[in-house]
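S.K.: Residue numbers (this note's numbering): 88 to 471.
Glycine included, C-beta positions come from ideal geometry on N, C-alpha and C.
#1: What is the rounded straight-line gap between the Cα of residue 118 and the Cα of residue 317?
#2: Ignoring anything shorter than 3 residues or poking outside the region 183–232, list the beta strand (DSSP E) runs there in chain order.
#3: If you pair each beta-carbon of the region 308–322 with each one of the region 339–352, do three or more pairs fall below 8 Å?
#4: To which residues of the same chain is residue 203 closer than 8 Å at the C-beta, ignoring the five residues directly before and after it?
#5: Comparing C-alpha positions only, which one of 151, 236, 291 sits nearest to residue 91?
#6: From which residue to which residue does the alpha helix (DSSP H) around residue 367 run?
#7: Specify the secondary structure class of residue 248 as computed by DSSP and reduced to three states.
#8: Taking the alpha-carbon of residue 229 as reference, which of 99, 378, 383 has the nearest alpha-carbon?
#9: Count the CB pairs spanning the region 176–186 and the region 136–147 that are closer than 8 Å, and state whether there are at least three.
#10: What separation, rounded to the nearest whole angstrom, lies between the Cα atoms of residue 113 and residue 149?
#11: Could you name the residues of the same chain whose beta carbon sits closer than 6 Å to that of residue 147, not counting the 5 residues immediately before and after it, in chain order?
#12: Under a three-way DSSP split, which group does residue 347 fall into?
#13: Return the CA-CA distance between residue 314 and residue 249, expressed in angstroms with no decimal places.
#14: Is the CB-CB distance between residue 170 and residue 237 below 9 Å?
#15: Where does residue 352 land, buried or exposed, given buried means 16+ other C-beta within 10 angstroms?
#16: Helix or strand or just coil, what does DSSP make of residue 137?
#17: Return yes when the Cβ of residue 104 is within less than 9 Å of the Cβ of residue 369, no when it is not.
#18: Tell me whether the region 265–280 and the region 205–218 touch, counting them as touching only if at least three CB pairs, one residue from each stretch, are closer than 8 Å.
#19: Tell me the rounded alpha-carbon separation between residue 336 and residue 378.
#20: Taking Cβ positions, are residue 273 and residue 367 nearer each other than 9 Å?
#21: Report the three-state DSSP secondary structure of residue 301 (helix, strand or coil).
#22: Assuming residue 219 contacts residue 254 (C-beta within less than 8 Å), just tell me the rounded distance between them.
#23: Between the Cα of residue 36 and those of 190, 205, 247, spot the shortest distance and give me the residue it belongs to.
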């Protein structure tokens, strides 16, 4: 029988993992500037990750944990505040006036890097700085989770796998990586317990206990499957575009993979609870995520379309359609024209009318003077 406190912790971990995936996946549809991963990057990712992980392991073994964590906290604090600010912005924007929501970003440069900001951005950054200060001063697990959730959302929103094949390469490589470093050595567990930075989500097994013991989940187990699930959502968008579906289009691939992630998380926690040992979450998440997406393709008869799906090719096809359609091309060109270009044309008729009015008034005056002059000439004739 599972204790109530532990059950709450397990449910909380699953919910905290699924919420940023949902938000980040939908935000990825609106992102214009994204970092797209190539197949070569996917092959190298587990190798680079292994080097970083083992490097951290050696640092914690050779040097004082206190100083290493101090440097890492400072590093993650800067990026954490930026991530929290970017995450909060869409949620606080509706509380501001329409004029502030539509405000054009102002630009300033710092160390040759250009930054864009609005009043809402500044307000979100102030709130984020407060959360960052709370974390640094107290290291409270709630502050840690806020920063961790923000990292996860922004990571999923801003990273793109580019194609289904690249996604499978990355997930398969990290599947082996996770198994090796968790089961083969004590490196992963040692680093996770020593690393005092917001790179994992925490939930106490008993909230009311004096000495808290936490269940934890690394952000990699959220972001890595998360960017794959976000890719499936964008595949749904491409399908809907081909079928000319409305705004509320069906999302079978996203829904299947999202449910697959939930089942993978439930399996991970179940096995961990039974064997009382840390589990490599990707061992269960990778088969569930890839398997659920392939299952959706089999049911829909779109296996070939899924396997060869590439966002780059989809964008090229979309661009060709726009260029080949004169009406769409004209509309696009019309939108790109500045409003100022139309201003002189509107003013020309007014100026023309304005120039004609004085002339008309002058003609009326001449007629009146002529009429006044006529009676006088008649009287003069009679007098004669």
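M.R.: So, from the data block:
#1: 12 Å
#2: 193–197, 200–204
#3: yes
#4: 192, 193, 194
#5: 291
#6: Note, residue 367: premise wrong, no alpha helix (DSSP H); not H, not E.
#7: coil
#8: 99
#9: no
#10: 43 Å
#11: 281
#12: helix
#13: 10 Å
#14: yes
#15: buried
#16: helix
#17: no
#18: no
#19: 23 Å
#20: no
#21: strand
#22: Actually they do not touch by this definition, with Cβ atoms about 32 Å apart.
#23: Residue 36 is absent from the structure shown; the chain starts at 88 and stops at 471.
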